[in-house]
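Numbering (the working numbering), first residue to last: 110 to 292. Cβ atoms here follow ideal geometry from the backbone N, Cα and C, with glycine treated the same way. Values in this document were obtained by computation on a predicted structure and should not be read as measured data. Here is the structure we will look at.
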């Protein structure tokens with residue numbers, strides 16, 4: 110018998126329908142706020158790919174899209190505190206309004222580093238849109254201007270968010286069973 114990855118999830122926190130509704134609402138707000146501005150949407154790989162894709166499909170104003178890969182986790186479940194840029198932007202951000210798309214704001218270490226890194230490039234503005242906010246684990250003074258949902262201090266997977274590169278393909282946001290990540 111083939112094991113279904115959904116069996117590794119102890120509970121669904123946000124359904125596919127809830128995600129679609131909230132992403133559409135955030136895209137409408139972003140479209141209003143950035144109307145008439147030179148918007149560059151920057152998805153943070155790999156976790157934000159599904160969120161970025163759905164978000165930009167619902168943004169109704171012209172925008173450019175680029176991606177960065179940034180990591181402070183490596184292959185473990187705990188942040189190392191050392192941030193590495195694995196893929197930089199292809200776009201010049203000078204005088205553009207940059208919107209960083211993040212899957213989840215956890216400790217804030219990665220985003221705090223990224224904000225400082227991008228500020229030196231003379232963007233007109235830099236803001237964050239995060240699908241999920243896990244404020245209980247925040248160690249950096251960073252917050253998202255646009256926020257989808259709050260999540261508890263549990264191991265979150267699905268809709269692009271992984272554990273050991275797996276579970277990204279779940280269509281919902283769920284909390285992973287402890288026995289999966291505490292082996």
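For residue 178, the secondary structure class from DSSP, reduced to helix, strand or coil, is strand. Contact check between the stretch 116-126 and the stretch 270-282: three or more CB pairs, one atom from each, fall below 8 Å, which counts as touching. Membership of residue 153 in the beta strand (DSSP E) is indicated by the continuous run 148-154.
For the 9 Å CB-CB criterion, residue 212 and residue 157 form a contact. Separation of the CB atoms of residue 195 and residue 178 is rounded to 4 Å, and the pair is thereby assigned contact status at 8 Å.
Each residue's CA atom was taken as its position, placing residue 175 and residue 161 some 10 Å apart. Separation of the CB atoms of residue 239 and residue 214 is rounded to 5 Å, and the pair is thereby assigned contact status at 8 Å.
Taking 9 Å as the cut-off, the beta carbon of residue 200 is found no closer than this to the beta carbon of residue 225. Per DSSP, the unbroken beta strand (DSSP E) holding residue 237 starts and ends at 234-242. The continuous stretches of alpha helix (DSSP H) do not include residue 285, which lies in the beta strand (DSSP E) extending over residues 282-285. A residue is called buried once 16 or more other Cβ atoms fall within 10 Å of its Cβ, and residue 145, having fewer, is exposed. In the DSSP assignment, residue 256 is bridged to 239. Around residue 287, the same chain offers no residue with a beta carbon nearer than 6 Å, after the five sequence neighbours per side are excluded. DSSP lists no bridge partner for residue 130. Under the three-state reduction of DSSP, residue 247 is assigned to coil, being neither helix nor strand. With a cutoff of 9 Å on beta-carbon distance, residue 260 and residue 271 are scored as not near each other.
Around residue 222, the same chain offers 192 as residues with beta carbons nearer than 7 Å, after the five sequence neighbours per side are excluded. The closest CA to that of residue 263, considering only 246, 202, 167, is found on 246. Check the Cα spacing between residue 231 and each of 148, 128, 203: the tightest is with 203.
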